[in-house]
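Peer 1: Once you've had a glance at the structure underneath, I'll fire off some questions.
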Amino acid sequence: MQTRTRRVTRWMILSATLLAPALLTPPTAQGSSARLEPGPASTTMADLLLAGVADLPTLAEIAGVDDTELAAGATRRLRAAGPAGLAAFIARHRATIARANDMSPRTAAETAPILAALDQICGQRDCAPAQLYWYTDLEQAKAAARASGRPIVSLRLLGDLREALSCANSRFFRALLYPDPAVSAALRDRFVLHWHSERPAPKITIDLGDGRRVETTITGNSAHLVLDSSGRPVDVLPGLTSPAQFLADLGRAGALARATAEQTGTARADALRRHHGERRDALERAWNDTLVAVGQPPRPLPGQSSRRPEALAQPLPSAPRLEILAAQNPAPAAPRAGQAAMLAISKSSAEVPMLRIFGEPVEPLSEPALWALLADRRAPELVLCAASLALIARQQWRSGDLQQDANNQALALAGLRRSVALDGLYNEFALHSQIHTWFTEHDTAGLDAATLSLTVYRDLFLTPRSDPWLGLAAPSVYSGLVGGGRSQEARI
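Going by the working numbering, the letters in the sequence shown line up with residues 1198 to 1689, in that order.
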């Protein structure tokens, strides 16, 4: 049965536009409902009908109508209204959104238009479990942060967060991190959210020749940059961790961003250096405690013994300067995809088999037996929320054999928990510790988000922007294909 919203007609919307003077009246001091300022000049009938509608609840009603053009126009206006537009849409369609994980074909068909509109307003695919609003323009995010006094979480990823085939880690964030009630509440209530695509996500398609295809992304990594309300970086949370670990790291970074928001110059640099030095020391103690718990002797943090203090003492160059240096002094050989693959462990479960199809040797983590031991110990502690489990169940491949599908899902969840546990251990002890070192031993005055992100992808994730092929097409390897199988198309 169609809902009342789905039966709204253009004539009803036209009636609403006749009330435009009333709708455009500013809200009272007590505040009734949020309003949207009139948009640009209208060109289509839908635009003309919506031009006089500034009331967000009314737009939320229209965004659910059967008329595709009207619904799309209202959805765009709700997106432009920011978090208030998202709140209005959720308030009107809460019951439909709550049915998102119902896997029956009928329910899926009924809820699909509302969920698609929700994703567009959020700026994120699979937004229903978390219901977070993401800016895609950093200047808009900074304006919102200054107005609210909140820090910014700026997600850096490969691909587009609104698409199914954004990079694998961003898909794990959508499924495992953001739906967690404590994580989503912290992100919504204490931060302004922004995402930026570092570069398109490389994809691979295997056509089995009989209509069956396997399509996935390959290589790449993601990071959450934490910025103060002016957009200045204070920390980076690399890769995927458990919800509990992400929340703890986010809380510390958010507190640092707030504490240093009014500081400048030496005072701010000293505060950042002191915080990151303390965090690196704390990680070293935690690392040795973790080793002792599994019968291992203490040792330096992974990656720290090979640090070059003389290089780290220099200021980080600006983003344009980094690009110039990369162009003038290209590395003898860009890191191979097989070298970067295991730096994002959870996604490597799906991507490493694809790399091996290419004949790409995948380098394991150093001391793989030790990491496996630590992961086995940590995995039982990993808790996934009900919303995450429901989304995983909805997305999991099903053959139709109920028993086999149940077995496959159980195995998939067990493997997922273990890989996320290993990911969290490695990201915190090996990668995050290096970020703490950067902030401790670099001159970070004037460091901006673009420069920090460029450095993370170049030096930490081993996917430098200077390599357009992401280590997937080594020019020194003969493949029997013209140009090594590379082709290049002009994209507008």
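Beta carbons are placed, not taken as given, at the ideal position from N, Cα and C, and that holds for glycine. Bear in mind the structure is a predicted one, so any value in this text is a computation, not a measurement.
Give me the DSSP bridge partner(s) of K1400.
Peer 2: In DSSP, K1400 forms a bridge with T1414.
Peer 1: When the Cα of E1625 is compared with those of R1409, A1441 and E1258, which residue comes out closest?
Peer 2: It is A1441 whose Cα lies nearest to the Cα of E1625.
Peer 1: Please classify E1258 as buried or exposed, where buried requires at least 16 neighbouring CB atoms within 10 angstroms.
Peer 2: Per the 10 Å Cβ criterion, buried.
Peer 1: Alpha carbon to alpha carbon, how far is A1268 from Q1460?
Peer 2: Going from the Cα of A1268 to the Cα of Q1460 covers about 46 Å.
Peer 1: Name the two residues that bound the continuous beta strand (DSSP E) containing V1350.
Peer 2: Unbroken beta strand (DSSP E) run through V1350: I1349 to L1355.
Peer 1: Classify A1314 as helix, strand or coil using the three-state DSSP reduction.
Peer 2: In the structure shown, A1314 sits in a helix (DSSP, three-state: H, G or I).
Peer 1: Is the separation between the beta-carbon of T1457 and that of R1465 shorter than 7 Å?
Peer 2: Against a cut-off of 7 Å, the Cβ pair of R1465 and T1457 comes out as a contact.
Peer 1: Considering only residues of the same chain and omitting the five flanking positions on each side of I1521, which have a CB-CB separation below 8 Å?
Peer 2: Note that I1521 has pLDDT 43, beneath the 50 cutoff, so the model's placement of it is unreliable and no number is given.
Peer 1: DSSP beta-bridge partners for D1432?
Peer 2: Bridge partners of D1432: V1423.
Peer 1: Considering just the uninterrupted stretch of the alpha helix (DSSP H) at M1242, what are its terminal residues?
Peer 2: Per DSSP, M1242 belongs to the alpha helix (DSSP H) from M1242 to L1247.
Peer 1: For the alpha helix (DSSP H) containing R1662, list its first residue and its last residue.
Peer 2: Where R1662 is concerned, there is no enclosing alpha helix (DSSP H), given that its DSSP letter is neither H nor E.
Peer 1: Measuring CB to CB, does A1646 end up less than 7 Å from L1424?
Peer 2: Cβ atoms of A1646 and L1424: closer than 7 Å.
Peer 1: To the nearest angstrom, how far is the alpha carbon of V1617 from that of F1370?
Peer 2: In a straight line, the C-alpha of V1617 is about 11 Å away from that of F1370.
Peer 1: Using the beta-carbon count (16 or more within 10 Å), is G1408 buried or exposed?
Peer 2: Counting Cβ neighbours within 10 Å, G1408 comes out exposed, since fewer than 16 surround it.
Peer 1: What is the DSSP secondary structure of Y1375, reduced to helix, strand or coil?
Peer 2: In the structure shown, Y1375 sits in coil (DSSP, three-state: anything other than H, G, I, E or B).
Peer 1: Taking only the alpha-carbon atoms, compute the straight-line gap between H1290 and G1492 and give it to the nearest angstrom.
Peer 2: Whole-angstrom Cα-Cα distance: 54 Å.
Peer 1: If we ignore side chains and look at the alpha-carbon of each, how far apart do S1630 and A1292 end up?
Peer 2: S1630 and A1292: Cα-Cα distance of roughly 44 Å.
Peer 1: Is the beta carbon of L1437 sitting closer than 7 Å to the one on D1620?
Peer 2: Going by C-beta atoms, L1437 is nearer than 7 Å to D1620.
Peer 1: For G1677, does the three-state DSSP call read helix, strand or coil?
Peer 2: Coil at G1677, not helix or strand.
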